[in-house]
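Structure first, then comments.
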Amino acid sequence: MAHALLVINSAAGRASGLKKPVDYLYAHLSSIGELDAEVFDSIEELGRAARQAAGAGFDIVIAAGGDGTINEVVNSTACSSVTVGIIPLGTANVIARELDIPIGDIPAACSIVVSGGSRRIDLGRASGRWFAAMAGFGFDAAVVHSVDRRTKRAIGVGAYAAAVAKELAKLKPACYSLDLDGSLIETEASVVLAANSACYAYGVKVAADAEIDDGLLDIVVFEKSKLNRVGFLCQSALVLMGVRAADFGVKTFRVKELEVRSSPNVLMQLDGDEWGSTPAKVEVVPRALTVKVPA
9 MAHALLVINS AAGRASGLKK PVDYLYAHLS SIGELDAEVF DSIEELGRAA RQAAGAGFDI
69 VIAAGGDGTI NEVVNSTACS SVTVGIIPLG TANVIARELD IPIGDIPAAC SIVVSGGSRR
129 IDLGRASGRW FAAMAGFGFD AAVVHSVDRR TKRAIGVGAY AAAVAKELAK LKPACYSLDL
189 DGSLIETEAS VVLAANSACY AYGVKVAADA EIDDGLLDIV VFEKSKLNRV GFLCQSALVL
249 MGVRAADFGV KTFRVKELEV RSSPNVLMQL DGDEWGSTPA KVEVVPRALT VKVPA
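Every number in the working numbering is 8 more than the matching position in the sequence shown, counting from 1.
Here it is in structure tokens:
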């Protein structure tokens, strides 16, 4: 029988809908074996508990929360023998979607943790921080930094819509120097995305061909448009519709390592949470994490 730790982020969007989250989740997970469970108000304390579990020889750490919670657990368990289980309780749940873990069906997600299969996936690393889904630079990172956390918890996706409108009004492309596995390109762009997964948000795929276990990062560059904001919106719409948009200034590359420099420096986001700015070095680490997935 497995020895598992369940960590629950009390601030996750769907967690507030559970009257007694520990009791509820414990009831659906108890057959896994020896199960410890705890609710955390602090994401840092949650990560510390996951790190201690990995060091103490636990078999599984189960992350109940959104992408930020999962990212924290990933950073606590990467390149260890621990398997990570996911109970998606967040707003976007990008990582869960990428791994085909059901959203909005907690018992089904718990069943995958208890009796599902295991899969080794790649992780990305940027400026010393691990990510499972993506690292973003420029406009999308500015949106992430702009989102009000209290509003996000209250209205979910609406908080992102407000932040998009705010940042779009002051959209200004930056001059980027991108080192792609040793090949240097310079360009003006609104967004540079290093994707480990195809899913970007709410099932939307920006890097449609990205695979989470192919040992590569898919780089998507939204180059400056002559139409500025309108052009950027057109680029975004085409990508979201699955159109190959190279002729419209959206360029893609596949690499193992990316170095990003920009003028001026721009913000960075990892798995939908704010994290630093350029310059940054981004790399893929193959098979760095074991996760529970549908059998």
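We put the beta carbon where it would ideally sit given N, CA and C, even for glycine.
- Each of Ser-285, Cys-87, Ile-95, Glu-219 was checked against the Cα of Leu-13, and the nearest Cα belongs to Ile-95.
- Given a length threshold of 4 residues, each whole run of the alpha helix (DSSP H) inside the segment 157-211 is given here in chain order: 157-163, 165-176.
- Between Pro-302 and Pro-272, the alpha-carbon positions lie close to 44 Å from each other.
- Beta bridge pairing from DSSP links Ser-271 with Cys-183.
- Scanning Glu-267, Ile-40, Lys-178, Lys-300 for the CA closest to the CA of Thr-286 turns up Glu-267.
- Around the C-beta of Cys-207, 16 or more other C-beta atoms lie within 10 Å, and the residue is accordingly described as buried.
- In this structure, Val-30 lies away from Gly-55, with their beta-carbon atoms at least 8 Å apart.
- Look at Val-214 here: in three-state DSSP terms it is coil, with no helix or strand label.
- Ala-143 has its alpha-carbon roughly 9 Å from the corresponding atom of Trp-283.
- DSSP places Ser-285 within a strand segment (E or B) once states are collapsed to three.
- Taking a cut-off of 8 Å for Cβ pairs, the segment 37-44 and the segment 104-112 do not touch, as fewer than three such pairs fall below it.
- Using a 10 angstroms sphere on the CB of Arg-133, the tally of other CB atoms reaches 16 or more, which defines it as buried.
- Inside the segment 92-169, DSSP marks whole beta strand (DSSP E) runs of 3 or more residues at positions 125-134, 137-139, 142-146, from first to last along the chain.
- Between Phe-240 and Ser-198, the C-beta spacing is below 8 Å.
- For Ser-119, the closest alpha carbon among the candidates Asp-130, Ser-38, Ser-154, Ala-86 is that of Ser-38.
- For Asp-31, the secondary structure class from DSSP, reduced to helix, strand or coil, is helix.
- With respect to Asn-79, Asp-279 sits close: the two C-beta atoms are nearer than 8 Å.
- DSSP places Ile-70 inside the beta strand (DSSP E), whose first and last residues are 68-73.
- Asp-226 and Asp-217 have their C-alpha atoms roughly 8 Å apart.
- Ranked by Cα distance from Ala-169, the first of Ala-182, Lys-180, Ser-154, Trp-138 is Ser-154.
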